[in-house]
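Chemist: Let me give you the structure first, and then I'll get to my questions.
There are 4 protein chains.
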Amino acid sequence: MDEFIARGFAATRLDDVASRAGVAKGTIYLHFKDKEALFEELIRTAIVPLVNRLAAGPPSVGGSVRDMIEGFARTFIHEVTTTRRGDIVRLIVAEGPRFPEIADFYYREVVSKGLAGMRAAISLGIARGEIQHKELAQFPQILIAPAMIAVIWQSLFSKHAPLDAIEMFRVHLDLIFGERRTT
Amino acid sequence: MDEFIARGFAATRLDDVASRAGVAKGTIYLHFKDKEALFEELIRTAIVPLVNRLAAGPPSVGGSVRDMIEGFARTFIHEVTTTRRGDIVRLIVAEGPRFPEIADFYYREVVSKGLAGMRAAISLGIARGEIQHKELAQFPQILIAPAMIAVIWQSLFSKHAPLDAIEMFRVHLDLIFGERRTT
Amino acid sequence: MDEFIARGFAATRLDDVASRAGVAKGTIYLHFKDKEALFEELIRTAIVPLVNRLAAGPPSVGGSVRDMIEGFARTFIHEVTTTRRGDIVRLIVAEGPRFPEIADFYYREVVSKGLAGMRAAISLGIARGEIQHKELAQFPQILIAPAMIAVIWQSLFSKHAPLDAIEMFRVHLDLIFGERRTT
Amino acid sequence: MDEFIARGFAATRLDDVASRAGVAKGTIYLHFKDKEALFEELIRTAIVPLVNRLAAGPPSVGGSVRDMIEGFARTFIHEVTTTRRGDIVRLIVAEGPRFPEIADFYYREVVSKGLAGMRAAISLGIARGEIQHKELAQFPQILIAPAMIAVIWQSLFSKHAPLDAIEMFRVHLDLIFGERRTT
DNA sequence: GATGAATGAGGCTTCATTCAT
DNA sequence: AATGAATGAAGCCTCATTCAT
């Protein structure tokens with residue numbers, strides 16, 4: 006996975022994958038049909054933790070919807086900036102067009118579930134009066150857009166201009182939930 | 006450029022590039038040192054129109070700031086969804102880590118300028134009272150985040166769930182400028 | 006053996022040999038030094054039945070020489086067309102130049118003995134007046150040539166033009182023994 | 006061709022083919038799709054001379070049928086023993102089952118034409134009273150069987166027992182045409 | 001004795017790069 | 001300046017062989 010993240014699919018050599026994995030080149034072929042299968046399975050298994058993150062995400066319905074989303078976003082951003090989860094997302098963006106199955110799988114397992122969760126949270130926020138903009142429910146993508154931008158920013162531009170992703174997301178939530186509260 | 010967009014840097018063959026360009030393979034080497042130089046120059050020249058877009062962007066100071074931004078965003082989204090400008094952005098995201106120079110160039114020529122423009126527009130909006138959230142000026146990224154998401158969405162997930170980018174951006178502007186107006 | 010016949014020496018995989026034999030791949034190396042040794046031993050043991058056929062061939066000295074040869078040829082052709090004995094012969098022809106030891110062994114165990122037997126039978130036929138062409142004793146290969154041709158024909162051209170090997174051989178014997186008799 | 010003859014298809018290395026041809030390995034792929042295509046085309050082109058031999062074969066209808074066949078056989082045997090035409094035949098026997106197209110092509114271009122020629126010659130011989138055994142017309146294979154055997158013999162057993170192919174064929178013709186004449 | 005996972009040498013094939021024309 | 005045939009390094013993949021269990 007590290008090799009694929011660092012070089013992309015085509016430029017990754019199985020020699021390097023093997024030696025980093027501490028096995029011989031041929032051993033890879035005992036487990037994966039070819040380089041494509043290896044890549045797809047790695048991405049697939051890398052996506053699972055993302056799913057788990059989401060599944061474990063919106064449990065605390067006790068607090069406000071904003072608390073819930075903010076807590077989730079904080080976890081998400083933390084995960085994405087400290088682990089290489091973010092690079093996996095970037096990798097999917099990069100190789101998706103050439104591996105439609107991966108993009109499909111990612112959509113099915115992560116995106117659609119995540120969006121459904123966001124949509125439910127937004128609806129709840131609207132019902133409780135926390136969110137004024139009713140149309141937001143139609144575009145839950147807006148909710149996580151800054152988090153996604155942050156992921157891409159970190160891997161491309163952080164050396165030019167560091168970005169405080171969590172603070173940015175807080176400001177973004179201010180737009181959505183109106184008055185900012187102490188955090 | 007079409008070849009690089011469709012396959013990424015490593016998987017693109019100069020054979021295909023040459024035949025699509027209608028020249029012999031060797032001719033490429035009369036103009037570019039090697040494949041990397043070709044790629045970097047192509048991206049570089051592809052970025053120029055984006056810069057021009059930005060430069061031509063904030064002229065009409067006559068209307069409201071929202072009008073200005075909305076007009077700009079409409080042009081941007083139109084550009085990005087109907088031309089392959091969006092794919093170039095995706096390509097930069099994909100190959101950026103392996104071509105830091107490209108990422109640098111893109112940051113310098115597009116991102117920093119675009120952000121500066123956004124920041125100026127936001128400040129103007131705040132000064133005029135159109136924008137309530139003063140902190141938005143610190144994170145102009147939030148302003149274009151949905152447009153970026155739309156770009157990625159189109160190339161990865163549009164077949165699963167089409168996204169009305171312009172409408173999404175309008176909703177997003179509602180969040181920023183408060184009450185929605187007739188558009 | 007089936008694998009070697011179907012694919013030839015080089016293209017045969019020990020994986021397939023092992024799984025067809027119902028043992029693990031490593032087990033092969035408990036019995037044979039390497040792939041070559043396996044091949045040579047298999048051919049060697051496959052040749053033995055051919056030798057036995059020959060040994061059991063010319064017992065019935067009661068009848069005419071033609072009866073003897075015809076009986077033998079009938080058995081031979083039957084063997085060769087219904088079992089894969091013929092394919093072994095083809096395999097030897099195919100791999101002989103790269104496995105001179107096999108060709109030598111085959112010559113020693115089958116060809117030379119067979120020719121000697123043929124030569125003896127021909128001499129007997131000449132002595133008894135059944136065979137007119139005395140020079141045939143110098144070229145016993147002529148006697149079995151049609152049978153060999155039939156072997157090759159079956160594996161290469163039978164789908165284009167089926168060949169009645171036994172009938173062909175009978176006609177061949179007519180040439181040698183003169184007038185044809187009821188069969 | 007020499008490499009394929011010496012080693013068979015599977016064991017032949019394109020490295021060796023290339024260096025013997027005096028080109029680089031990659032050059033092969035400018036002319037042939039892959040190793041199989043190379044092999045098939047080589048065999049195909051090697052078969053053409055055999056066809057030409059046959060076409061040029063039975064011209065002198067002036068003499069007896071035996072003269073015609075004997076002249077043809079002499080040419081054939083000479084070709085086969087002094088050039089590597091014989092090895093090509095052996096190669097077809099060896100690889101035919103794995104390259105059915107080659108076997109088909111060989112049957113179509115050489116075998117069927119050759120047999121037709123033989124059959125015509127035999128019929129002529131019967132009509133002229135030179136050949137007594139009318140049934141021979143049904144099995145023209147018998148006519149060339151010794152020549153084929155000679156081909157195989159030369160490449161496998163000549164070091165054990167040299168074979169005078171031409172003399173053998175003469176004896177064979179004696180069987181067919183009856184009384185032997187001065188040659 | 002049997003296993004089968006692991007090895008790594010070796011072969012096929014691709015493709016960026018060169019260069020004689 | 002343009003060509004495109006030729007090159008050969010490099011990478012994917014196979015499979016004979018080994019060896020710890």
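Just so you know, the protein sequences line up as chains A, B, C and D, in that order.
Just add 5 to wherever you are in the first sequence, counting from 1, and you've got our numbering.
Just add 5 to wherever you are in the second sequence, counting from 1, and you've got our numbering.
Just add 5 to wherever you are in the third sequence, counting from 1, and you've got our numbering.
Just add 5 to wherever you are in the fourth sequence, counting from 1, and you've got our numbering.
A virtual CB, placed ideally from N, CA and C, is assigned to each residue, including glycine.
Of all Cβ atoms in chain B, is any one closer than 8 Å to the Cβ of A/Ser-145?
Modeler: Locating residue 145 of chain A in the first sequence gives position 140, where the first residue counts as 1. Looking at the sequence shown, residue 145 of chain A is not Ser but Pro. So no, A/Pro-145 is outside the interface.
Chemist: Would C/Ala-132 be called buried (16 or more neighbouring beta carbons within 10 Å of its own) or exposed?
Modeler: Taking the third sequence and counting its residues from 1, the one referred to as residue 132 of chain C is at position 127. That one is exposed.
Chemist: Taking the alpha carbon of A/Met-153 as the reference point, which residue from A/Thr-17, A/Lys-139, A/Ala-170 has its own alpha carbon closest?
Modeler: Locating residue 153 of chain A in the first sequence gives position 148, counting from the first residue. Out of A/Thr-17, A/Lys-139, A/Ala-170, A/Ala-170 has the C-alpha closest to the C-alpha of A/Met-153.
Chemist: Roughly how far, in whole angstroms, is the beta-carbon of D/Val-56 from the beta-carbon of D/Val-115, given that I think they are within contact range, below 8 Å?
Modeler: Residue numbering aside, residue 56 of chain D sits at position 51 when the fourth sequence is read from its first letter. Residue numbering aside, residue 115 of chain D sits at position 110 when the fourth sequence is read from its first letter. Indeed, because the Cβ distance is near 6 Å, the residues count as touching under 8 Å.
Chemist: Could you give the uninterrupted runs of the alpha helix (DSSP H) lying entirely in the region 33 to 102 of chain C, keeping only those of 4 residues or more?
Modeler: 40 to 60, 70 to 87, 90 to 100
Chemist: Compare the Cα-Cα distances from B/Gly-68 to each of B/Ile-181, B/Ala-126, B/Leu-161, B/Asp-39 and report the closest residue.
Modeler: Translated into positions along the second sequence, residue 68 of chain B becomes position 63. When C-alpha distances from B/Gly-68 are compared across B/Ile-181, B/Ala-126, B/Leu-161, B/Asp-39, the shortest belongs to B/Ala-126.
Chemist: Can you find a CB in chain D that lies within less than 8 Å of the CB of C/Ser-128?
Modeler: Along the third sequence, one-based indexing puts residue 128 of chain C at 123. Not one chain D Cβ lies under 8 Å of C/Ser-128.
Chemist: Is any beta-carbon of chain D found at less than 8 Å from that of C/Arg-49?
Modeler: As a position in the third sequence, residue 49 of chain C is number 44, starting the count at 1. It does not; no Cβ of chain D falls within 8 Å.
Chemist: Taking the alpha-carbon positions, what's the A/Asp-179 to B/Glu-140 distance?
Modeler: Along the first sequence, read from residue 1 onward, the residue named residue 179 of chain A stands at position 174. Along the second sequence, read from residue 1 onward, the residue named residue 140 of chain B stands at position 135. When rounded, the distance between both Cα atoms is 9 Å.
Chemist: Name, going along the chain, the residues of the region 156 to 168 of chain B whose beta-carbon falls closer than 9 Å to a beta-carbon of chain A.
Modeler: Ile-157, Trp-158, Ser-160, Leu-161, Phe-162, Lys-164, His-165, Ala-166, Leu-168
Chemist: For the region 95 to 164 of chain D, which segments carrying the alpha helix (DSSP H) assignment without a break, of at least 4 residues, lie completely within its bounds, in sequence order?
Modeler: 105 to 111, 117 to 132, 146 to 162
Chemist: Check C/Thr-17 in the structure and name its three-state DSSP category.
Modeler: Along the third sequence, one-based indexing puts residue 17 of chain C at 12. Note: C/Thr-17 maps to coil in three-state DSSP.
Chemist: Please classify A/Asp-92 as buried or exposed, where buried requires at least 16 other C-beta atoms within 10 Å of its C-beta.
Modeler: The residue given as residue 92 of chain A occupies position 87 in the first sequence. Answer is buried; the Cβ neighbour count reaches 16.
Chemist: Quick one: give me the first and last residue of the alpha helix (DSSP H) that A/Asp-169 is part of.
Modeler: Taking the first residue of the first sequence as 1, we reach residue 169 of chain A at position 164. That residue, A/Asp-169, is in no alpha helix (DSSP H); it is neither H nor E in DSSP.
Chemist: Using alpha carbons as the reference points, say which of C/Asp-21, C/Phe-162, C/Ile-48, C/Arg-79 lies closest to C/Glu-106.
Modeler: The residue labelled residue 106 of chain C in the question sits at position 101 within the third sequence. Residue C/Ile-48 is the option with its Cα nearest to C/Glu-106.
Chemist: Let's test the definition: count the other Cβ atoms within 10 Å of the Cβ of C/Arg-95 and tell me whether it reaches 16, buried, or not, exposed.
Modeler: Locating residue 95 of chain C in the third sequence gives position 90, counting from the first residue. With 16 or more other Cβ atoms within 10 Å, it is buried.
Chemist: Here's the rule: buried if 16 or more other CB atoms are within 10 angstroms of the residue's CB, otherwise exposed. What is D/Glu-8?
Modeler: By 1-based counting over the fourth sequence, the position of residue 8 of chain D is 3. The Cβ neighbour count for D/Glu-8, taken over all protein chains shown within 10 Å, is at least 16; the residue is labelled buried.
Chemist: Locate the alpha helix (DSSP H) running through A/Ala-11, then write down its first and last residues.
Modeler: Within the first sequence, the letter at position 6 stands for residue 11 of chain A. Element bounds for A/Ala-11: 7 to 12.
Chemist: Please classify A/Val-247: is it buried, with 16 or more other beta-carbons within 10 angstroms of its beta-carbon, or exposed?
Modeler: Residue 247 of chain A lies beyond the range of chain A shown here (6 to 188); nothing can be said about it.
Chemist: Classify C/Ala-108: buried if its beta carbon has 16 or more other beta carbons within 10 angstroms, exposed otherwise.
Modeler: As a working mapping, residue 108 of chain C is identified with position 103 in the third sequence. Burial call: buried.
Chemist: D/Ile-181 versus chain C: which residues are under 9 Å apart at the beta carbon?
Modeler: What you label residue 181 of chain D is simply residue 176 of the fourth sequence in a count that begins at 1. Those are Leu-180, listed as they occur along chain C.
Chemist: Less than 8 Å between CB atoms is the rule here; does B/Pro-54 satisfy it with respect to chain A?
Modeler: Against the second sequence, residue 54 of chain B aligns to sequence position 49. Chain A, which has no Cβ nearer than 8 Å to the Cβ of B/Pro-54, makes this no.
Chemist: Shorter than 8 Å from the beta carbon of B/Ala-78 to some beta carbon of chain A?
Modeler: Mapped onto the second sequence, residue 78 of chain B falls at position 73. It does not; no Cβ of chain A falls within 8 Å.
Chemist: Within the present structure, is the beta-carbon of A/Phe-44 separated from the nearest heavy atom of the ligand GTP by less than 7 Å?
Modeler: Only the bare structure without any ligand can be found here, which leaves the ligand GTP out of the picture.
Chemist: Helix, strand or coil for B/Gly-183 per DSSP?
Modeler: On the second sequence, residue 183 of chain B is found 178 positions in, with the first residue counted as 1. B/Gly-183: coil per DSSP, three-state reduction.
Chemist: Please check if any C-beta of chain C sits within less than 8 Å of the C-beta of D/Glu-46.
Modeler: Along the fourth sequence, read from residue 1 onward, the residue named residue 46 of chain D stands at position 41. No, D/Glu-46 does not count as interfacial toward chain C.
Chemist: Closer than 8 Å, CB to CB, is B/Gly-68 near chain A or not?
Modeler: Within the second sequence, residue 68 of chain B is the residue found at index 63, counting from 1. Judged by the 8 Å Cβ criterion, B/Gly-68 is not in contact with chain A.
Chemist: Counting only Cβ-Cβ distances shorter than 9 Å, please list the residues of the region 96 to 117 of chain C near chain D, keeping chain order.
Modeler: Leu-96, Ile-97, Val-98, Ala-99, Glu-100, Gly-101, Pro-102, Arg-103, Pro-105, Ala-108, Asp-109, Tyr-111, Tyr-112, Arg-113, Val-116, Ser-117
Chemist: Measuring only the C-alpha atoms, how far is C/Ile-182 from C/Ser-160?
Modeler: Within the third sequence, the letter at position 177 stands for residue 182 of chain C. Within the third sequence, the letter at position 155 stands for residue 160 of chain C. Note that residue 182 of chain C is Phe in the sequence shown, not Ile. C/Phe-182 and C/Ser-160: Cα-Cα distance of roughly 29 Å.
Chemist: Under the three-state reduction of DSSP, which class applies to A/Val-176: helix, strand or coil?
Modeler: In the first sequence, the residue the question calls residue 176 of chain A occupies position 171. It is helical.
Chemist: Measure from the alpha carbon of B/Tyr-112 to the alpha carbon of each residue in B/Gln-146, B/Arg-89, B/Gln-137, B/Leu-129, then state which is nearest.
Modeler: Working through the second sequence from its first residue, we reach residue 112 of chain B at position 107. With distances taken between Cα atoms, B/Tyr-112 lies closest to B/Gln-146.
Chemist: Under a three-way DSSP split, which group does D/Gly-27 fall into?
Modeler: Here residue 27 of chain D refers to the residue found at position 22 of the fourth sequence. Coil at D/Gly-27, not helix or strand.
Chemist: Hey, how far is the Cα of B/Thr-88 from the Cα of C/Lys-30?
Modeler: For the purposes of this step, residue 88 of chain B is identified with residue 83 of the second sequence, where counting begins at 1. For the purposes of this step, residue 30 of chain C is identified with residue 25 of the third sequence, where counting begins at 1. The straight-line gap from Cα to Cα measures roughly 57 Å.
Chemist: Can you pull the chain C neighbours of D/Val-176, defined as C-beta to C-beta under 8 Å?
Modeler: In the fourth sequence, the residue the question calls residue 176 of chain D occupies position 171. In chain order: His-138, Glu-140, Leu-141, Gln-143, Phe-144, Ile-147.
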